Amino acid sequence: MRPLTDEETKTMFEKLSKYIGENIKLLIDRPDGTYCFRLHNDRVYYMSEKILKLATNVSRDKLVSVGTCFGKFTKTQKFRLHITALDFLAPYAKFKVWVKPGSEQSFLYGNHIMKSGLGRITENTDKYQGVLVYSMADVPLGFGVAARTTQECRKVDPMAIVVFHQADIGEYIRSEDTLT
Amino acid sequence: MASCSIEDVLAKAERDEAEKLKSITVLKELDLEFDPGLLLAFDKNRLDTRDFKGNKREDCLRSLARDNTQLLINEIWKLPTERVDEVIVAKLPEPTTKLPREKPAPKPKPPTKWEQFAKLKGIQKKKKTNLVWDEVHKEWKRRWGYKRAKDDTKEWLIEVPATADPNEDQFAKRNKAKKERVARNEYNRLKNIARAQKVKVPGTGLLPTSQQTKAELAQAVSLAKISTASVGKFQEKLPKEKPARNTGKKRKFQPLIGDFSSEKQKQLDLLKVMDSKKPRLDITKAVNKQMREEDSESARNNKKGFGKKGRKGGMPGKGKGKGKPGGKGKAPKGKGRKPQMKQGKR
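Those protein sequence lines, which keep their order, are chains A and B. Convert by adding 1119 to the 1-based position in the first sequence; the result is the number in this note's numbering. Convert by adding 1 to the 1-based position in the second sequence; the result is the number in this note's numbering.
Okay, here's the thing in structure tokens:
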């Protein structure tokens, strides 16, 4: 486990800012204690200082996970968000998409969201903007990337993809053995 | 009674005397083997086990040791003796018994680089005669060293080779070459020692070579650059010069549990920088805003004609309460929208 280098921090923040914008500040500067990001096995974990100090007692090869996994760095040093980060990102989301109950299941199986399944979408959403996906009952379901702007969404045909799937809470079951 | 006692006493005294001064002749069933060179004697006689195991063990051992020592000393007296400073000294012969050595046998010397190479190539040492015939002096001279035959350092004239620079000092050149060879040999010798003792070979640096390769030149440049008093800190750089590769810079990470507040501050600063890098005017955003306004404008116009409302697929979002009708329901109608779409797709 080690702190992130400047380069890695930048890569991660750029990815996070796609979803929560400048609200990253609220993750770093928390009133309820010191929280930090740490890299372990190419994965970024978000944890409190207390947990970190406890985790130092565990040897590196035995440590599977600590705190919350936010995502991982690929071999090409790109950052990929994991679904485990959802709980921390959902409260600060800037752009949201609500999915109709009928296509919720389809999204949770890892499919893109079609226009027909789109319940609501935040006004002003840009193309390729990172969005958080909610059910109509405001339960966060996952992340995605807007394939169309809000304007374009009105005009496209019902089978057109509106939001690209990135991660969903179905992964907790689908990729149970790789999530940490 | 009295006489008896006197006889007894005398006999006892005699016995005690005999005990004190034991005879120098010792009888043994088997003769002992001696190695007077090492003052060594082997007793091959059987031990009396009854005595040995019983309570007279100490006495038995002491008498055995005394007898055998007596025999060894008898043997020493048979050797030629001489008198040195009032002391009689026996001259010991060479020892015949082989004793194991005290220290482990020395390991063979690790081969030098040349010896390794020669073994690989099957090169064997050839014995050359020490003396060779010198045609010039008409006499036998040593093959190498001082006053050697065909001594090229003693030449009073050197022919300038056709390819060489005529102004070059051939004597100086020869001297310099010799010095370099000597230095190189010394360096190799030290390297062999270092390798034999498994010490890390000291920084190789650059060796004089006749023709430097590109890599060697690059190494020479990078070495020369950092060979200043400031370790190259103020060294000027060429335009477009690449940093030297393999300079040995290691990755350094911050400590796992370091200063949390400074870590936080660093991340906040990074966020600030990232924020300031964003353009003030996001063109796509501006265009989208314009499109949206035009949309709502035309929708308001259309609303006058058609009072029908389709709420499905409405996008309230951050609805500004403009009284905007459902976008989807109206979509197929507005012909005036086509140019806007194109604008959006730009």
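Yeah, the Cβ is synthetic: ideal placement off N, Cα and C, and Gly gets one too. Remember, it's a predicted structure, so these values are computed and weren't measured experimentally.
Next item on the list: Output, in chain order, the set of chain B residues within a Cβ distance shorter than 8 Å of residue 1196/A.
Entry: Ordered by position in chain B, no residue passes the 8 Å Cβ test against residue 1196/A, which lies about 13 Å from the chain.
Checklist line | CB contact flag (residue 261/B, residue 1168/A, <9 Å) | finding: Against a cut-off of 9 Å, the Cβ pair of residue 1168/A and residue 261/B comes out as a contact.
Check: Where DSSP assigns a beta bridge to residue 1263/A, which residues make up the other side?
Finding: Residue 1263/A is bridged to 1250/A, 1284/A.
Next item on the list: Identify the contact partners of residue 271/B in chain A, using a Cβ-Cβ distance below 8 Å as the criterion.
Entry: Here the neighbours are 1125, 1128, 1129, 1132.
Item checked: Chain-ordered neighbours of residue 254/B on chain A, where CB pairs are closer than 8 Å -> Here the neighbours are 1121, 1122, 1124.
Item checked: Local conformation of residue 297/B per DSSP, three classes -> The answer is helix: DSSP assigns residue 297/B an H, G or I state.
Next item on the list: Report yes or no: is there a C-beta of chain A within less than 9 Å of the C-beta of residue 293/B?
Entry: Residue 293/B belongs to the set of residues whose beta carbon lies under 9 Å from a beta carbon in chain A.
Check: Alpha carbon to alpha carbon, how far is residue 129/B from residue 117/B?
Finding: Computed Cα separation, rounded: 22 Å.
Margin query: Please classify residue 1255/A as buried or exposed, where buried requires at least 16 other C-beta atoms within 10 Å of its C-beta.
Written below: So residue 1255/A ends up on the exposed side.
Next item on the list: Answer with buried or exposed for residue 1106/A, where buried requires no fewer than 16 other C-beta atoms within 10 angstroms of its C-beta.
Entry: The shown model of chain A, from 1120 to 1299, leaves out residue 1106/A, and the question about it has no answer.
Next item on the list: Tell me whether residue 190/B sits in a helix, a strand or coil according to DSSP, three-state version.
Entry: Note: residue 190/B maps to helix in three-state DSSP.
Check: How is the alpha helix (DSSP H) around residue 1217/A delimited, first residue to last?
Finding: Membership of residue 1217/A in any alpha helix (DSSP H) is not indicated; the residue belongs instead to the beta strand (DSSP E) covering 1215 to 1218.
Check: Looking at the C-beta of residue 347/B, does it have a partner C-beta in chain A at a distance below 9 Å?
Finding: Per-residue confidence for residue 347/B stands at a pLDDT of 43, beneath the threshold of 50, marking its modelled position as unreliable; no derived number is given.
Next item on the list: Report all residues from its chain with a CB closer than 6 Å to the CB of residue 133/B; omit the five preceding and five following residues, and keep chain order.
Entry: Only 144, 150 meet the Cβ criterion.
Margin query: Please classify residue 1268/A as buried or exposed, where buried requires at least 16 neighbouring CB atoms within 10 angstroms.
Written below: Buried: at least 16 other Cβ atoms inside 10 Å.
Item checked: Limits of the unbroken beta strand (DSSP E) element including residue 89/B -> According to the DSSP assignment, residue 89/B belongs to the beta strand (DSSP E) that extends over 88 to 91.
Next item on the list: Say whether chain A places a C-beta atom closer than 9 Å to the C-beta of residue 290/B.
Entry: At least one chain A Cβ lies under 9 Å of residue 290/B.
Checklist line | Cβ neighbour criterion (16 or more within 10 Å) applied to residue 1271/A | finding: With 16 or more other Cβ atoms within 10 Å, it is buried.
Check: Hey, quick one: how far does the beta strand (DSSP E) through residue 43/B stretch, first residue to last?
Finding: The continuous beta strand (DSSP E) containing residue 43/B extends over residues 41 to 43.
Item checked: residue 219/B versus 157/B, 242/B, 281/B, residue with shortest Cα-Cα distance -> That would be 242/B, whose Cα lies nearest to the Cα of residue 219/B.
Next item on the list: For chain B, find out if any of its Cβ atoms is closer than 9 Å to the Cβ of residue 1245/A; answer yes or no.
Entry: With 9 Å as the cut-off, residue 1245/A counts as an interface residue toward chain B.
Checklist line | Simplified DSSP state of residue 1167/A, which is helix, strand or coil | finding: It is a strand residue.
Checklist line | Contact set between the region 1168 to 1188 of chain A and chain B, restricted to residues whose Cβ is under 7 Å from the partner | finding: Here the close residues are 1168, 1171, 1172, 1175.
Item checked: Simplified DSSP assignment, three categories, for residue 1239/A -> Strand, per DSSP.
Check: What's the C-alpha gap between residue 9/B and residue 63/B?
Finding: C-alpha of residue 9/B to C-alpha of residue 63/B: approximately 28 Å in a straight line.
Item checked: Listed by chain order, chain A residues near residue 170/B by CB distance under 7 Å -> The contacting residues do not exist; residue 170/B stays about 57 Å from chain A at best.
Notebook entry, point to check: Is the CB of residue 113/B under 9 Å away from at least one CB in chain A?
Noted result: For residue 113/B, the answer is no, since every Cβ of chain A falls outside 9 Å of its Cβ.
Notebook entry, point to check: Can you give the Cα-Cα distance for residue 1198/A and residue 1171/A, rounded to whole angstroms?
Noted result: One Cα belongs to residue 1198/A, the other to residue 1171/A, and the distance between them is close to 22 Å.
Notebook entry, point to check: Taking C-alpha atoms, which residue in 1156/A, 1150/A, 1144/A lies nearest to residue 258/B?
Noted result: For the set 1156/A, 1150/A, 1144/A, the Cα lying nearest the Cα of residue 258/B is the one of 1156/A.
Next item on the list: Could you have a look at residue 135/B and say whether DSSP puts it in helix, strand or coil?
Entry: If DSSP states are grouped into helix, strand and coil, residue 135/B belongs with the strands.
Checklist line | chain B contact for residue 1136/A (CB, 9 Å cutoff) | finding: Closer than 9 Å: yes.
Notebook entry, point to check: Any Cβ of chain A within less than 9 Å of the Cβ of residue 262/B?
Noted result: For residue 262/B, the answer is yes, since a Cβ of chain A falls inside 9 Å of its Cβ.
Next item on the list: Assign residue 1196/A to buried or exposed, taking buried as 16 or more other Cβ atoms, counted over all protein chains shown, within 10 Å of its Cβ.
Entry: Burial call: exposed.
Checklist line | Distance, residue 1193/A Cα to residue 215/B Cα | finding: CA-to-CA, the gap between residue 215/B and residue 1193/A works out to about 36 Å.
Check: Going by other Cβ atoms of all chains shown within 10 Å of its Cβ, with 16 needed for buried, is residue 1190/A buried or exposed?
Finding: Buried, since its Cβ has 16 or more Cβ neighbours within 10 Å.
Notebook entry, point to check: In terms of DSSP beta bridges, what is residue 1199/A paired with?
Noted result: Beta bridge pairing from DSSP links residue 1199/A with 1191/A.
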